[in-house]
Structures are given as C-alpha cells and as structure tokens.
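K.L.:
In the numbering used here, the protein residues as written are 384 to 791.
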C-alpha cells in the first residue's frame, strides 16, 4: 500500500477555516462531438458559443470577486471539460488572462526547463484531446503556465477507440506523446478498460505502451453505462453489452500489477503516478479540502456549503448576460454529513484515513461515528486497520463503491 508520508500534506485547512479556496476548477464545456459513453457537462458542435462562454466566465469571476481586491495565491488550478484544448489559441490566452485578474500562481514557467523532480509553486493542469495537440498549442500552453497536461488517450487500440467513438487514432497518439512529454514532463494519460471487445491481452499491450512512453501519471477508468447516454440506450436495445465482471476485474487487477512493476504508485482507486507526480488538485478533493469552481456545471465547496452551477452552457451564458447568478443548487452540508463524506473520500486514497487526523479535521471520533460500518467492512476483508489508519485492502478496491455506501 502507498506510504502516507509519500503523499503531499493535506491541502485543506481544518473545518471552519474561512479564507478563499486555493484550489480552483474551471469547466470548459466544448467538444467536437459527444462520445457515446459520456455524461459530462458539455456542448458539441457549438463552437460559435465559445466567445460568449468567455464573456459569461468573465462576469462570473467579476461577481465572485466584487468585494475582494487582493488576488488569491493558488495551489492548484484545473481546466477540465468538455475539452479545454478545443478553444482557439487567442481564446486560451483570454481564458488565462481572466483567471490572472483574480488569482496568482507565479510567473509562467516552462515545464520542460524544470529540473528533474522539481515541483512548481502551483500545479496548473489542463485536459487535452490528442487531436488538438499541435506543437504550436503545446508551446502556447506552456507559455501560459500549464505545467501538467492530461491527455484523453483512452486506448492504444484502434478497434477500442472506434467502439468508444473517439475522434483520434493510435498513430496520432503515438505522434503526439513524444511532443507532449517534451513540453510537459508531468504528463498524464487516461486509459479505459471494460470496453466491449477489449481483450485482456490488448489491455496489457496498452498498459505496457503507456509505460514505454514514460508518462508520469495514468488514470484508469472502467467503462460505465450512464443513464441518458447513447451507450445506455444501445445497451437497452441489445446493441451493446457490458463486459463480463470477471474480465473487467482482471483488467483492473492487471493495471495495478503492471503499473506497480513499472514504478508507479497507486495513490487512489483509479489513479497511478510516478513518485512525486500525484495530482495535487484531485488530492485536495479527496482530502476534503475547499475549492472554487467556475463555468457550466462547475461545483464549489466552501465553509461546509456546496454550490453547483447550471449545467446547460446556453443557460449559463444567458443567466450571466442578464446579471443573474449561475448557481443552480446550494447544499448546506451538516458537520456529520461532511465527516461521513470525508470517510469515503479518504478511503478512495490508498493511504487511507487516520483516526487522529479525522478527529482534528472534523471533531468526530471515527469509531463512534461509523463503528458498525468499520466492523462490517473489516469482517468482509475490505478494510485493513492498524488501530489508527484504515485503508482499503486490495480486495476492497474492487468494491470501493459498496464500501462508500456503508458510511453514508
């Protein structure tokens, strides 16, 4: 299991602290097309809205900071989507300029010029489609301050990419990866398993190729059939079938084994990183930290209150054009609910959860709050418990969602 001392310290203050979040998520909702499995907040084929989106984002930021003059020093900034790299170069420049009005993350620092293993002052991540990754784009992103690039590779197998309805090819990925790695040593790729037609052998080949390319981080996701997606509709019609559970388990287990043998540490259920390359932005989520969020569907969590913006890009643009708040949902979370959430989020990390730290951050005794659930999960072989720290066992990682339900 991952040594907790190898992970960055908690990015979040104790509950009750009241200062602006130093982790920020910006949602860029545009894509060329919607893949059949995707249920993310996005809009496809509406590039004409990109400037209107930036206008709306400018208004949202201005309203958020209306009563604050000093810029906030960031620890992490994450541009997700959608496909942030689908913006034009001038639009990307404008996007970063808008954020820099209110946030400070130091001067632009070319990741390719950093000394090996050096950690930048702030982690600036951006998700990109391999199809967008020209040399010009990569250079521009580095100049803007991006120092962590996340590529939606999904597979090195042509048939798997076809099934997933991706718009790139394995050959394109192989041309892009060396260029991307030259600009961004902290390079992450996504890979999907549990895809119809993906054999264990092809999955093994893909994992080995990821290792051969020398990427710093790999996220592995099992394909799910979410309500409202084209894939779920096809599944109900009998046109698409879920992968056998044993095969999906074998593929996940193979990822754990091969990536570990290749020098990666599994620091979270779906995420593997070389030493020092864990995603600091996502660690803040799992450690229960506060965060700000901007854009359609973006969520924020500050002082025990979670807010979520309207998901529709058109609705987001229209609300802000009329001077209205983009917030669609507000949820004031009780101290107990926050504590329970901290348990199952903490258990997503292989380092697990310390009873001592849990009490310091929440004010609750872990055993008094969730003793029955702890006992049940230990008895099932899903949790390891050394008296202070609880962690998912290897078996527990296969049923992490079931474990989470026990603590709700």
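Where a beta carbon is used, it is the ideal one built from N, C-alpha and C, also for glycine. Everything numeric in this text was worked out from a predicted model, so none of it was measured.
#1: Thinking just about the alpha-carbon of each residue, which of 446, 577, 466 and 674 is nearest to the one in residue 481?
#2: Measure the alpha-carbon distance for residue 437 versus residue 765 and round it to whole angstroms.
#3: Output yes or no for whether 7 Å exceeds the beta carbon distance between residue 680 and residue 692.
#4: Using 8 Å as the Cβ pair cut-off and three pairs as the minimum, do the stretch 529-546 and the stretch 561-576 touch?
#5: So, using beta-carbon positions, are residue 510 and residue 533 closer together than 7 Å?
#6: Determine the DSSP secondary structure at residue 654, reduced to helix, strand or coil.
#7: Is residue 689 helix, strand or coil by DSSP?
#8: Which ranges does the beta strand (DSSP E) cover as unbroken runs of at least 3 residues, wholly within the stretch 407-483, from first to last along the chain?
#9: Would you decide whether residue 392 is buried or exposed? Buried here means 16 or more other CB atoms lie within 10 Å of its CB.
#10: Find out if the Cβ-Cβ distance for the pair residue 408, residue 461 is shorter than 7 Å.
#11: Between the C-alpha atoms of residue 479 and residue 740, what's the straight-line distance to the nearest angstrom?
#12: How would you call residue 686, buried or exposed, if buried means at least 16 neighbouring beta carbons within 10 angstroms?
#13: Can you give the Cα-Cα distance for residue 426 and residue 467, rounded to whole angstroms?
#14: I'd like to confirm something about residue 535: is its beta-carbon nearer than 6 Å to some heavy atom of the ligand NAD, or not?
#15: Tell me whether the beta-carbon of residue 729 lies closer than 7 Å to the beta-carbon of residue 736.
#16: Can residue 448 and residue 433 be called in contact, C-beta distance under 7 Å?
#17: For residue 385, which residues in the same chain have their Cβ closer than 8 Å to its Cβ, ignoring the five residues on either side in sequence?
#18: Please check the pair residue 599 and residue 657, which I expect to be a contact at CB under 8 Å, by giving their CB distance rounded to whole angstroms.
#19: Taking buried to mean at least 16 other C-beta atoms within 10 Å of its own C-beta, is residue 696 buried or exposed?
#20: What's the call for residue 439, buried or exposed, on a 16-neighbour Cβ count within 10 Å?
#21: Residues in the same chain with beta-carbon distance under 6 Å from residue 504, minus the five sequence neighbours each way, listed in chain order, please.
#22: Can you tell me the Cβ-Cβ gap for residue 727 and residue 787, rounded? I've got them flagged as a contact below 8 Å.
#23: Could you compute how far the alpha carbon of residue 397 sits from the alpha carbon of residue 744?
#24: Should residue 718 be labelled buried (16 or more other beta-carbon atoms within 10 Å of its own) or exposed?
#25: Cutting at 8 Å between CB atoms, please list the residues of its own chain near residue 783, excluding the five before and the five after it.
#26: CB residue 469 to CB residue 513, shorter than 7 Å?
#27: Is DSSP giving residue 573 helix, strand or coil here?
#28: Would you decide whether residue 402 is buried or exposed? Buried here means 16 or more other CB atoms lie within 10 Å of its CB.
#29: Would residue 549 be called buried (16 or more neighbouring beta carbons within 10 Å of its own) or exposed?
#30: For the beta strand (DSSP E) holding residue 600, just list the boundary residues, first then last.
#31: Residue 675 lies in the beta strand (DSSP E); which residues open and close that run?
#32: In the structure shown, what three-state DSSP assignment does residue 741 receive?
#33: In the DSSP assignment, find the alpha helix (DSSP H) that holds residue 726 and state where it starts and stops.
#34: Who are residue 508's beta bridge partners in DSSP?
#35: Where does residue 792 sit, in a helix, a strand or coil, going by DSSP?
#36: Per DSSP, which one or two residues make a beta bridge with residue 710?
P.N.:
In this structure, then:
#1: 446
#2: 46 Å
#3: yes
#4: yes
#5: yes
#6: strand
#7: strand
#8: 459-464
#9: The predicted position of residue 392 is uncertain, since its pLDDT is 37 and thus under 50; a value taken from the coordinates is nonetheless stated next. Burial call: exposed.
#10: yes
#11: 36 Å
#12: exposed
#13: 12 Å
#14: Looking for the ligand NAD in the displayed structure turns up nothing, as the structure carries no ligands at all.
#15: yes
#16: no
#17: Below a pLDDT of 50, predicted positions are generally treated as unreliable, and residue 385, at 46, falls in that range; the measurement from the model is reported next regardless. Excluding residues within five positions, the ones whose Cβ falls inside 8 Å are 648, 649, 650, 732, 733 and 734.
#18: 5 Å
#19: buried
#20: buried
#21: 489
#22: 4 Å
#23: Low per-residue confidence applies at residue 397: pLDDT is 38, beneath 50, and the placement is therefore not dependable, though the value from the model is reported in the following sentence. When rounded, the distance between both Cα atoms is 5 Å.
#24: exposed
#25: 652, 730, 731 and 775
#26: no
#27: strand
#28: exposed
#29: buried
#30: 600-605
#31: 675-677
#32: helix
#33: 718-731
#34: 461 and 531
#35: In the structure displayed, the chain extends from 384 to 791; residue 792 sits before or after that span and is not available.
#36: 692
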